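Participant: Numbering (this note's numbering), first residue to last: 841 to 1328.
From the three backbone atoms N, C-alpha and C, an ideal C-beta is built for every residue, glycine too.
Predicted, not measured: the structure shown is a model, and the values here were computed from it.
One structure is given below, represented as structure tokens, and several questions about it will come after.
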């Protein structure tokens, strides 16, 4: 990325298409450490990432614009020497660099999502789950097919996404449902390496290895990650976790449970917050806070394998029964100490950040429209999803950068050409020029290109208007470059 301290207030007339290509610095940064078997594959990947970033959500032919580039993209996704690990290697290295520049705690958000596709039963896409489909007067059981993805996203406590730290894709050979599996075998007696949930431990290790200091990381996840092996793995790696619990584990010497101990604990304080109901109306919720340090035991079938751990259990339950929304009831478990209400509220705010990874997945599905792809095999689809993961992070990063660091240098996220063009757009719209614009000012105008109205009471721009604005800005850049080439 260029780092000139000053720039002209007018676009340079000698700008060319080559200059425009050089300004895609972020693509070079995210692909610099990519590791492909062939240099030509690395060049094709860089070109493909740039093309798709200019047409987020478009089909491959739309992004590539002609048959030669479209055919090259299809060959890239189908190449046996290309894997999702090769595609994401550069981004993971860039994430590690950004993480190294942050001093203080880092929140690593973990979650699983699935991509569903309408394919024939003989495709290599595995089953996701069962659902009931109604045909006429008869209900039939069908199976959704697709790909599962478990991702780990690193963010700052302020909510700025620094990038992916780990990712895993897989397909299932069969799926009979969790309840059916429990009727055949006790899941607490199965080795964790033989379970699908082992992905939580794999990503925990990979994400922790990416951090400069393991003790800076706080791994945050929902109830699906309430796995005792995960707690022990975090202790082994000397990192931290904050998990929403769903299992009532044995406590103390095994004569009682965690819930029984928490029922004996008196409330430590109240916390008030503003929440939205299903209709978008705001209301105040009053949470009763309890926390306690408890000795937690592993499952009975695994007490010879794993030691007991002393952990902090934190309960936040809403007073009364709210209207038009679910009652807030969070039961969290962490290895971090909680000695005051301030620390307890901090942990609640950190867990509330877990929703950021849901937003990242929404950008993948709604913004990049991955579930509308017509690629047939799982390998091709996984490679496409890996490319779009980088694009989705970029959109999410720019959206949150406008909120978390609005006074930062515009060159942190935008190029010289982009800044010059946005200056011209604002001058035309406002009828005057303003100097000393911040990054927030420029990102706001990108959002306005995407349909953001910027009224006084409007919330900060979201991801949808941001990716629309980026696409429009790309078209404006292309028109400017071509005009400079032909008109001089």
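Going by alpha carbons, who is nearest to residue 1043 out of 1133, 952, 930 and 1115?
Facilitator: Taking the first residue of the chain shown as position 1, residue 1043 is located at position 203. Measuring from the Cα of residue 1043, the nearest candidate turns out to be 952.
Participant: Tell me the rounded alpha-carbon separation between residue 928 and residue 1094.
Facilitator: Working through the chain shown from its first residue, we reach residue 928 at position 88. Working through the chain shown from its first residue, we reach residue 1094 at position 254. Between residue 928 and residue 1094, the C-alpha separation is close to 45 Å.
Participant: Does the distance from the CB of residue 1060 to the CB of residue 1176 come in under 8 Å?
Facilitator: By one-based count along the chain shown, residue 1060 stands at place 220. By one-based count along the chain shown, residue 1176 stands at place 336. No, these two residues do not count as a Cβ contact at 8 Å.
Participant: So, is residue 924 buried or exposed, given that buried needs 16 or more other C-beta atoms within 10 angstroms?
Facilitator: By 1-based counting over the chain shown, the position of residue 924 is 84. With 16 or more Cβ atoms within 10 Å of its Cβ, residue 924 is classed as buried.
Participant: If distances are taken between C-alpha atoms only, which option among 1056, 1204, 1267 and 912 comes closest to residue 1080?
Facilitator: Your numbering for residue 1080 matches position 240 in the chain shown. Here the closest residue by C-alpha is 1056.
Participant: Using the three-state DSSP reduction, which class does residue 1228 fall into: helix, strand or coil?
Facilitator: Position 388 of the chain shown, counting from 1, holds the residue named residue 1228. Of the three classes helix, strand and coil, the one that applies to residue 1228 here is helix, per DSSP.
Participant: Starting from the N-terminal side, write out each stretch of the alpha helix (DSSP H) that is 4 residues or longer and does not extend beyond the region 892-968.
Facilitator: The qualifying runs are 900-904, 907-918 and 924-940.
Participant: Kindly indicate which residue of 1299, 1069 and 1239 has the alpha-carbon position closest to the one of residue 1286.
Facilitator: Position 446 of the chain shown, counting from 1, holds the residue named residue 1286. Residue 1286 has its Cα closest to that of 1239, out of 1299, 1069 and 1239.
Participant: Quick check: what's the CA-CA separation for residue 1171 versus residue 1153?
Facilitator: Counting from one through the chain shown, the residue named residue 1171 turns up at place 331. Counting from one through the chain shown, the residue named residue 1153 turns up at place 313. When rounded, the distance between both Cα atoms is 7 Å.
Participant: Excluding the 5 residues preceding and the 5 following residue 1173 in the sequence, name in chain order all residues of the same chain whose CB lies nearer than 6 Å to its CB.
Facilitator: Reading the chain shown from its first residue, position 333 is the one you call residue 1173. Same-chain partners within the cutoff: 1083, 1085, 1151 and 1153.
Participant: How about residue 949 and residue 957: are their beta carbons less than 8 Å apart?
Facilitator: Within the chain shown, residue 949 is the residue found at index 109, counting from 1. Within the chain shown, residue 957 is the residue found at index 117, counting from 1. No, they are not a contact pair.
Participant: Check each candidate in 1162, 1256, 994 and 1035 and name the one with the smallest Cα separation from residue 1012.
Facilitator: Against the chain shown, residue 1012 aligns to sequence position 172. It is 1035 whose Cα lies nearest to the Cα of residue 1012.
Participant: Per DSSP, residue 1151 is paired with what?
Facilitator: The residue you call residue 1151 lines up with position 311 of the chain shown. DSSP lists 1134 as partners of residue 1151.
Participant: Would you call the region 867-887 in contact with the region 1296-1311, where contact means no fewer than 3 C-beta pairs closer than 8 Å?
Facilitator: The answer is no - the region 1296-1311 does not touch the region 867-887, with fewer than three Cβ pairs under 8 Å.
Participant: Under the three-state reduction of DSSP, which class applies to residue 994: helix, strand or coil?
Facilitator: One-based indexing of the chain shown puts residue 994 at position 154. Residue 994: strand per DSSP, three-state reduction.
Participant: Spatial neighbours of residue 1051 within its chain, please: C-beta separation below 7 Å, excluding the five flanking residues on both sides.
Facilitator: Numbered from 1 along the chain shown, position 211 holds the residue referred to as residue 1051. Closer than 7 Å at the Cβ level, and outside the excluded window around residue 1051, lie 939, 946 and 1057.
Participant: Using three-state DSSP, classify residue 1009 as helix, strand or coil.
Facilitator: If you number the chain shown from 1, residue 1009 lands on position 169. Strand at residue 1009.
Participant: Taking residue 1236 as the reference, which of 955, 1108, 995 and 1278 has the closest Cα?
Facilitator: Within the chain shown, numbered from 1, the residue matching residue 1236 stands at position 396. Residue 995 is the option with its Cα nearest to residue 1236.
Participant: Please name the residue, chosen from 1185, 1047 and 1320, that lies closest to residue 933 on a Cα-to-Cα basis.
Facilitator: Start at 1 with the first residue of the chain shown, and residue 933 comes out as number 93. Of the listed residues, the one whose Cα sits closest to residue 933 is 1047.
Participant: Taking only three categories from DSSP, how would you classify residue 1141?
Facilitator: Residue mapping note: residue 1141 aligns to position 301 of the chain shown, counting from 1. If DSSP states are grouped into helix, strand and coil, residue 1141 belongs with the helices.
Participant: Check whether the Cβ atoms of residue 1215 and residue 1241 sit closer than 8 Å, and answer yes or no.
Facilitator: Along the chain shown, read from residue 1 onward, the residue named residue 1215 stands at position 375. Along the chain shown, read from residue 1 onward, the residue named residue 1241 stands at position 401. No. Outside cutoff.
Participant: In chain order, what residues of the same chain lie with their CB nearer than 6 Å to the CB of residue 1201, ignoring the 5 residues before and after it?
Facilitator: If you number the chain shown from 1, residue 1201 lands on position 361. Closer than 6 Å at the Cβ level, and outside the excluded window around residue 1201, lie 953.
Participant: Taking Cβ to Cβ, would you say residue 1077 is nearer than 8 Å to residue 1041?
Facilitator: Position 237 of the chain shown, counted from the first residue, corresponds to residue 1077. Position 201 of the chain shown, counted from the first residue, corresponds to residue 1041. No, these two residues do not count as a Cβ contact at 8 Å.
Participant: Compute the distance between the beta-carbons of residue 987 and residue 1227, then report whether it is under 8 Å.
Facilitator: Residue mapping note: residue 987 aligns to position 147 of the chain shown, counting from 1. Residue mapping note: residue 1227 aligns to position 387 of the chain shown, counting from 1. Taking 8 Å as the Cβ cut-off, residue 987 and residue 1227 do not qualify as a contacting pair.
Participant: Of the residues 1292, 1213, 1282 and 1250, which one's Cα is nearest the Cα of residue 901?
Facilitator: If you number the chain shown from 1, residue 901 lands on position 61. Cα-wise, what sits closest to residue 901 is 1213.
Participant: Please report the residue range of the beta strand (DSSP E) in which residue 1081 lies.
Facilitator: Looking up residue 1081 in the chain shown gives position 241. Where residue 1081 is concerned, the enclosing beta strand (DSSP E) stretches over 1080-1084.
Participant: If we call anything under 8 Å between Cβ atoms a contact, is residue 999 one with residue 1196?
Facilitator: The residue you call residue 999 lines up with position 159 of the chain shown. The residue you call residue 1196 lines up with position 356 of the chain shown. Contact flag set, yes.
Participant: Considering only C-alpha positions, which residue in the set 878, 890 and 1265 is nearest to residue 1234?
Facilitator: For the purposes of this step, residue 1234 is taken as residue 394 along the chain shown, with counting starting at 1. Among 878, 890 and 1265, the Cα nearest to that of residue 1234 belongs to 890.
Participant: Residue 1193 by DSSP, collapsed to three states: which one?
Facilitator: In the chain shown, residue 1193 corresponds to position 353, counting from 1. Reduced to three states, the DSSP call for residue 1193 is coil.
Participant: Look up residue 1059 in the DSSP assignment and give the residues it is bridged to.
Facilitator: On the chain shown, position 219 is the one that residue 1059 refers to. Per DSSP, 948 and 1081.
Participant: Roughly how many angstroms separate the alpha carbons of residue 915 and residue 1259, rounded to a whole number?
Facilitator: Here the question's residue 915 lines up with position 75 in the chain shown. Here the question's residue 1259 lines up with position 419 in the chain shown. Spanning the two alpha carbons is a distance of roughly 35 Å.
Participant: Pop quiz: residue 1075 and residue 1149 are said to be a contact at Cβ under 8 Å. What is the actual Cβ separation, rounded to whole angstroms?
Facilitator: On the chain shown, residue 1075 is found 235 positions in, with the first residue counted as 1. On the chain shown, residue 1149 is found 309 positions in, with the first residue counted as 1. Residue 1075 to residue 1149, Cβ: 7 Å. Contact.
Participant: By Cβ distance below 6 Å, which residues in the same chain neighbour residue 1318 in space, the five residues on each side in sequence not counted?
Facilitator: By 1-based counting over the chain shown, the position of residue 1318 is 478. Closer than 6 Å at Cβ, skipping near neighbours: no residue.
Participant: For residue 1174, list the residues DSSP reports as bridge partners.
Facilitator: Taking the chain shown and counting its residues from 1, the one referred to as residue 1174 is at position 334. BP columns for residue 1174 point to 1082 and 1152.
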